[in-house]
C-alpha cells in the first residue's frame with residue numbers, strides 16, 4: 001500500500017506512468033481526490049444498453065412534441081429501441097439518428113466512423129441498396145402470401161440479383 | 169469436433185490456440201483475440217429477425233462460407249443438433265459465446281482445425297468473426313482477421329454506411345466492429361494488491377478489464393481480459409496501438425511486482441503460497457472450480473518463476489481447461505452433480521498434472 005505522492009495523506013489508488021516511446025520511464029502514485037484535482041481521474045465506465053438508451057432518450061432532450069415513428073425497414077418502435085438498446089436493421093440508423101448520435105457520443109466519444117469500409121471511401125454510399133433489398137423482400141413475402149406466384153418469381157430473381165451485386 | 173473415442177485422450181486434451189501458452193510475453197499474456205461484428209444487408213438485425221429469416225440467412229451465409237477461396241479452411245458446425253454439454257464445451261474453448269450457446273434459433277460456428285478462427289453465425293450480429301493467437305500479438309492477429317474479413321466482404325453483402333462504418337445491432341459495436349482482447353495472467357498484481365490500480369490505468373483510456381473466468385467482476389484464478397470499449401471514431405490501427413500500449417504497461421508492471429514478490433522477506437511467503445497450492449492439488453479429494461483455478465494460477469506462477477520443478481506449463485493449461493464444468497463432464501462422459509464434479513475434478517487434475525494420489 002502506498003500513500004499519495006501529492007497530498008501524502010490518502011492511500012494512492014491511481015498510478016500515473018510516464019511513457020517514452022512506449023517504455024515506462026517513471027511513475028507517480030496518487031489518490032482519487034488528487035487525481036480529480038489535476039484532472040486525470042479515471043472516467044466512470046460508460047453504462048450500456050437499455051439504461052444508456054433510457055438516459056439518452058428518456059431525459060429532457062426527448063422531443064415529446066414529435067413522437068418518432070417505427071422504423072420503415074423493420075418495424076422497430078422507439079419504445080423497443082429504448083427498452084432493448086438495440087437497433088433492428090440498417091435503416092434504424094437513419095430512423096433513430098437524432099437519438100442515436102448523443103448515444104454514440106456517450107459510448108464512443110465520437111459520432112462518425114474512422115477506419116475500414118467494405119469499399120474504397122470514394123465509391124458512393126449504397127444508401128438505397130439496403131432499402132431496396134428490404135423492400136423487395138417484403139414485396140416478395142406479400143406476393144407469396146397473396147399467392148401471386150408470377151410476381152413472386154420475378155421478385156425472387158430481383159432479390160438474388162441484388163444480393164449478388166454486393167455492397168458496391 | 170467429433171466425440172472422443174474410448175481409450176484415446178480425446179480432443180478436450182488439445183488446448184486449442186488460445187491456451188497454447190506460447191507466443192510473445194506468454195509468461196503473462198496468454199492469448200490475443202480479435203473479434204469483428206458484421207451484419208448482412210437485406211436482413212433485419214438479430215433483435216428483429218424472425219426464425220424463418222434466421223434459417224434463411226444461416227443457409228445463405230454457410231453456402232458462401234463453403235465456396236472455395238476463403239483464406240481459412242473452416243469447418244461449419246451446425247449448432248441445432250449440439251446438446252447443452254457440447255455447447256458448454258465450445259464456450260469453454262472460446263469458440264462460441266454464452267449467448268449463442270443459449271440460443272434456440274438456427275445458428276452455427278465455422279472453425280479451423282487449430283481453433284484459431286471461429287465465425288459465429290446468428291449471434292447478436294449476423295456474423296461474429298473471431299481470430300486467436302497465443303501470447304501478445306495484436307498486429308498479427310488483426311492482419312489475419314482483416315484478410316478473412318476482406319474475403320467475407322467479397323462474398324457477402326455487408327451492412328455499412330460511410331458515416332457509421334459497419335452497422336451493428338448494438339451501438340456499442342458500431343464503426344469498426346472491432347473488439348481486441350488480451351487475456352492476461354496477473355497473479356503478481358493480485359497478490360500484491362495492485363490489481364485495482366492497474367485496472368484504473370486501463371479504464372482511464374477506455375479499456376475494459378474483466379475476469380476471464382467466473383461471472384461478474386470477480387476474476388477467478390487471477391486471469392483477466394483487457395479489451396477496447398470504443399469502436400467508433402478511432403480506426404483499427406489506433407485501437408490496436410492503444411490496447412498494445414496499455415497491455416505492455418500492465419505486463420511490465422506485473423513483471424516488476426513479481427520480482428518484488430521473489431525478493432527479501434516476501435520470497436518465503438510467495439514460496440509458501442505456491443507450495444500450498446501444489447499441496448492442495450496433490451492431496452485434495454474435493455476441489456471446486458474456483459479453488460482449482462486459484463491453485464492452478466499459483467502453480468503457473470511457480471513454474472514460470474522457477475519455484476517449482478518437474479511441471480510444465482502445457483500440463484497446467486490442460487488442467488485449466490479440464491477443470492471447467494463442460495470439459496470435466498465430457499471427459500468423464502457423464503452428467504455429474506456439482507459435488508460429484510468437485511470430486512472428479514480433484515482426481516482428474518492429479519492425473520493431468522501427474523502428481524499426488
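Protein chains in written order, with the numbering used here: chain A, 1 to 168; chain B, 169 to 525.
The C-beta atom is built at its ideal place from N, Cα and C for all residues, glycine as well.
Taking a contact as a CB-CB distance under 8 Å, the pair residue 351 of chain B and residue 393 of chain B counts as one, their CB atoms being some 5 Å apart. The straight-line gap separating the alpha-carbon atoms of residue 302 of chain B and residue 191 of chain B is approximately 5 Å. Those residues of the stretch 327 to 338 of chain B placed with their C-beta closer than 9 Å to a C-beta in chain A are 327, 328, 329, 330, 331, 332, 333, 334, 335, 336, 337 and 338, ordered along the chain. If you draw a straight line from the Cα of residue 92 of chain A to the Cα of residue 248 of chain B, it is about 30 Å long. Chain A places no beta carbon closer than 9 Å to that of residue 294 of chain B, leaving this residue out of the contacts. For residue 259 of chain B, the enclosing alpha helix (DSSP H) covers residues 252 to 260. Using a CB distance cut-off of 9 Å, residue 111 of chain A counts as an interface residue toward chain B. For residue 412 of chain B, the enclosing alpha helix (DSSP H) begins and ends at 404 to 429. Taken through DSSP and simplified to helix, strand or coil, residue 469 of chain B comes out as helix.
Per the coordinates, the alpha-carbon of residue 75 of chain A lies some 11 Å from the alpha-carbon of residue 217 of chain B. Around the Cβ of residue 510 of chain B, a 10 Å sphere holds 16 or more other Cβ atoms; the residue is buried. Note that the stretch 248 to 265 of chain B does not touch the stretch 332 to 346 of chain B; fewer than 3 beta-carbon pairs, one per stretch, sit closer than 8 Å.
Straight-line spacing of the CA atoms in residue 419 of chain B and residue 196 of chain B works out to 6 Å. Against chain B, the beta carbon of residue 85 of chain A has neighbours under 8 Å at 338 and 339, listed in chain order. Using a Cβ-Cβ cut-off of 9 Å, residue 146 of chain A does not count as an interface residue toward chain B, since no Cβ of chain B sits closer than that to its own.
Looking only at B:505, B:500, B:521 and B:491, the smallest Cα-Cα distance to residue 477 of chain B is reached by B:521. Restricting attention to B:498, B:340 and B:225, the CA atom closest to the CA of residue 324 of chain B is found in B:225. Interface residue (Cβ-Cβ distance to chain A less than 9 Å): residue 511 of chain B is not classified as such.
From the beta-carbon of residue 344 of chain B, the residues of chain A found nearer than 9 Å are 113, 114, 115 and 116. Between residue 429 of chain B and residue 360 of chain B, the beta carbon gap of about 6 Å places them in contact (Cβ cut-off 8 Å).
Closest option to residue 69 of chain A, judged by alpha-carbon separation, among A:94, A:84 and A:90: A:94.
Annotation: the stretch 338 to 363 of chain B contains the following complete segments of the beta strand (DSSP E) (minimum length 3 residues), in chain order: 346 to 353.
For residue 276 of chain B, the enclosing beta strand (DSSP E) starts and ends at 276 to 279. If the five residues before and after residue 445 of chain B are omitted, its C-beta is found closer than 6 Å to the C-beta atoms of 463, 466 and 467, all from its own chain and listed in chain order.
Annotation for residue 35 of chain A: no beta strand (DSSP E) segment contains it, though the alpha helix (DSSP H) segment containing it runs 32 to 37. In this chain, the alpha helix (DSSP H) harbouring residue 92 of chain A covers 92 to 95. Put simply, the backbone Cα of residue 184 of chain B is about 23 Å away from that of residue 502 of chain B.
Only exposed fits residue 142 of chain A, as fewer than 16 other CB atoms lie within 10 angstroms of its CB. Cβ atoms of residue 189 of chain B and residue 443 of chain B stay farther apart than 8 Å, at about 22 Å.
At a C-beta separation below 9 Å, residue 75 of chain A has these neighbours in chain B: 212 and 216.
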